[in-house]
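Following our numbering, the numbering of the sequence shown begins with 637 at its first residue and continues without gaps.
The beta carbon of each residue, even a glycine, is placed where N, CA and C say it ideally should be.
Right, one structure below, let's go through it.
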Amino acid sequence: LYNEGHPPMIRVCGVSLHLAMSAKEQSIERDTLVSKWIAEGFIPEEEGSSHEKLAAWYFDDLIDRNVIQPVEYGNCLGKGTFEVSYMMLYVLRLISHYEQFVTFLSDFGISRPDVIPVRLSIQSSGSEHSVDTETMDLSHVRSITVLGPAKSVSFKHLLECLQVLDIDGCEDLDNTDVDLICRMNLLRYLSLKQTKVTVLPPQIGSLRYLEYLDVRRTRIVNLPSQIGKLQNLKTLDVRQTQVKELPRELI
Numbered sequence: 637l638y639n640e641g642h643p644p645m646i647r648v649c650g651v652s653l654h655l656a657m658s659a660k661e662q663s664i665e666r667d668t669l670v671s672k673w674i675a676e677g678f679i680p681e682e683e684g685s686s687h688e689k690l691a692a693w694y695f696d697d698l699i700d701r702n703v704i705q706p707v708e709y710g711n712c713l714g715k716g717t718f719e720v721s722y723m724m725l726y727v728l729r730l731i732s733h734y735e736q737f738v739t740f741l742s743d744f745g746i747s748r749p750d751v752i753p754v755r756l757s758i759q760s761s762g763s764e765h766s767v768d769t770e771t772m773d774l775s776h777v778r779s780i781t782v783l784g785p786a787k788s789v790s791f792k793h794l795l796e797c798l799q800v801l802d803i804d805g806c807e808d809l810d811n812t813d814v815d816l817i818c819r820m821n822l823l824r825y826l827s828l829k830q831t832k833v834t835v836l837p838p839q840i841g842s843l844r845y846l847e848y849l850d851v852r853r854t855r856i857v858n859l860p861s862q863i864g865k866l867q868n869l870k871t872l873d874v875r876q877t878q879v880k881e882l883p884r885e886l887i
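Below, the structure written as structure tokens:
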């Protein structure tokens, strides 16, 4: 159903529950979040309107409903940064748990050990009590967001259904992990932002469905020519890196 000036409620519920994967007081960038929604298929195709335009409409609606709010204090991310209030995050996680929308993995264990996860939010401190995905059934997982060490994820297991992988800020991620990630052929969204990765391997060209690639604040200097094979790539973010030019295959 449509309310005047608002998106259909069933869609609003989907994108709202996606926010349950956030951490307390985590800064959320508008462009990053809407790209995740699009990659996961939350934004429908409608005649006369692009995915991006519809996603922006949904985002503005969540602001109007006070589900998300602009960050009012100064930070390095600047304009376009938002967060979910603590109370709203608590409510969204309760609903998410009931609806089996997101599975949470933390130092305290797994939120739903009886459920094969479809969306996985890993929030780990990296302590000796941290758990990992080594013994989990990830055959159906479509989205993984990691807040903490990347070692919580066993990349050596091929995640055949994975479409969204957000490992922003995982400082222990290395080039070997990226080699393994490039085997996940259905990826549509990949964020390596704020990691110590120094190179993208030629195998990045095999991710033919990739739409969004974020390598901001990494140690990458050059991009491989194979990145030109990514025919579905809409966003390549190389800000705050040493990348000086794009491969001619991409232009």
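Secondary structure, beta strand (DSSP E): runs of 3+ residues fully inside the segment 787-817: 800-802
Alpha-carbon to alpha-carbon, residue 754 and residue 654: 12 Å
DSSP-derived helix/strand/coil call for residue 682: strand
Spatial distance of residue 807 from residue 855 (CA atoms): 11 Å
Check whether residue 871 and residue 849 have beta carbons under 8 Å apart: yes
Residue 755 - partner residues in DSSP beta bridges: 779
Residues near residue 876 in its chain [Cβ-Cβ closer than 7 Å; skip 5 each side]: 852 and 853
First and last residue of the uninterrupted alpha helix (DSSP H) at residue 742: Careful: residue 742 lies outside any alpha helix (DSSP H), inside the beta strand (DSSP E) at 739-742.
Inter-residue spacing [alpha-carbon to alpha-carbon] between residue 660 and residue 746: Distance from the CA atom of residue 660 to the CA atom of residue 746, rounded to whole angstroms, is 18 Å.
Residue environment, residue 687, which counts as buried when at least 16 other CB atoms sit within 10 Å: Its Cβ being crowded by 16 or more others within 10 Å, residue 687 is buried.
Beta-carbon gap between residue 738 and residue 758 smaller than 8 Å: no
Rounded straight-line distance, which links the Cα of residue 719 to that of residue 711: Residue placement at residue 711 cannot be trusted, given a pLDDT of 49 that sits under 50; what the coordinates show is reported in the next sentence. About 13 Å.
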